[in-house]
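Participant: In this note's numbering, the protein residues as written are 358 to 572.
Each residue gets a CB set at the ideal place from its N, CA and C atoms; glycine is no exception.
1) As a quick exercise: from 392, 409, 423, pick the residue whose alpha carbon is nearest that of residue 381.
2) On the DSSP letters alone, give me the boundaries of the alpha helix (DSSP H) that residue 408 sits inside.
3) According to DSSP, simplified to helix, strand and coil, what is residue 559?
4) Between the alpha carbons of residue 373 and residue 517, how many angstroms are there, rounded?
5) Could you pull the DSSP bridge partners for residue 548 from this structure?
6) If we call anything under 7 Å between Cβ atoms a contact, is residue 453 one with residue 472?
7) Residue 543 to residue 402, Cα distance in whole Å?
8) Going by the beta-carbon positions, is the gap between residue 511 and residue 493 smaller than 7 Å?
9) List in chain order: all unbroken alpha helix (DSSP H) runs of 4+ residues lying wholly within the stretch 409 to 495.
10) Residue 383 and residue 404 - do their beta-carbons sit closer together than 7 Å?
11) What distance in whole Å lies between the Cβ atoms of residue 496 and residue 388, which are believed to be in contact at a cut-off of 8 Å?
12) Expressed to the nearest angstrom, what Euclidean distance is found between the alpha-carbon atoms of residue 445 and residue 481?
13) With 16 other CB atoms within 10 Å as the buried threshold, where does residue 385 fall?
14) With a CB to CB cut of under 8 Å and the five nearest residues on each side skipped, what residues in its chain are close to residue 529?
15) I need the straight-line Cα distance from residue 555 to residue 547, nearest angstrom please.
16) By Cβ distance, which residues of its chain are closer than 6 Å to residue 338, with the 5 residues on each side in sequence left out?
17) At the level of alpha carbons, what is the spacing between residue 361 and residue 427?
18) Can you list, in chain order, the residues of its chain whose CB lies under 6 Å from that of residue 533, leaving out five sequence neighbours each side?
19) Taking the alpha-carbon of residue 439 as reference, which of 449, 431, 430 has the nearest alpha-carbon?
20) Short of 7 Å in beta carbon distance, which residues of its chain neighbour residue 475, apart from the five on each side in sequence? Order them along the chain.
21) Going by DSSP, what residue range makes up the alpha helix (DSSP H) through residue 526?
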């Protein structure tokens with residue numbers, strides 16, 4: 358089946374497909390380096406296409422972000438569903454932290470897109486909100502089971518992902534290995550333990566619509 362765009366029913370020509378692929382590749386690279394607020398003209402320059410060509414494929418940045426990270430958002434959705442399905446909420450919570458860090462370490466541009474708010478990108482925002490709400494529910498269950506520290510807040514997950522995206526290594530494989538160690542350290546910090554010092558407050562990372570597990 359041919360790829361279609363702009364609501365048209367006919368498939369894109371091979372040169373248009375090549376342009377689209379270069380634009381998406383360039384967008385992921387630019388978002389990884391400069392965040393999702395990088396100018397569209399820089400993405401066009403990186404892709405080697407005219408700005409008009411970029412806008413013909415992606416009239417808005419929201420559409421570009423959604424298309425660039427569709428696969429990652431699907432993977433994120435599957436990860437939180439897997440965590441929720443685990444009968445042991447702490448094990449499910451740990452699985453989500455481990456796999457989310459691994460996913461974000463493989464594509465650092467996705468972290469910038471996931472943390473940012475794109476209210477006009479309805480599908481992307483809906484999937485992001487679903488993931489955050491599911492993590493909040495899993496955290497609540499782990500708290501009720503006495504395994505997750507009681508002062509955990511949902512913003513802590515975004516804080517971990519933001520820190521995870523800052524890992525610099527000599528190769529992608531080394532970055533993934535370092536990310537797994539970082540995830541293990543984060544999980545240890547999240548686990549409830551007698552006499553643990555209370556955490557300082559953290560606010561303003563998740564949207565107000567997200568559900569917080571705090572009680």
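Facilitator: Concretely, from the data shown:
1) 423
2) 408 to 414
3) coil
4) 38 Å
5) 505
6) no
7) 38 Å
8) yes
9) 418 to 425, 427 to 442, 446 to 463, 465 to 472
10) yes
11) Wrong, their Cβ atoms sit about 28 Å apart, outside the cutoff.
12) 29 Å
13) buried
14) 463
15) 11 Å
16) Residue 338 is absent from the structure shown; the chain starts at 358 and stops at 572.
17) Note that residue 361 scores 45 on pLDDT, short of 50, meaning its location in the model is unreliable; the coordinates nonetheless yield the value given after this. Distance between the alpha carbons of residue 361 and residue 427: 16 Å.
18) 462
19) 449
20) 419, 422, 481, 482
21) Run containing residue 526: none; DSSP gives neither H nor E here.
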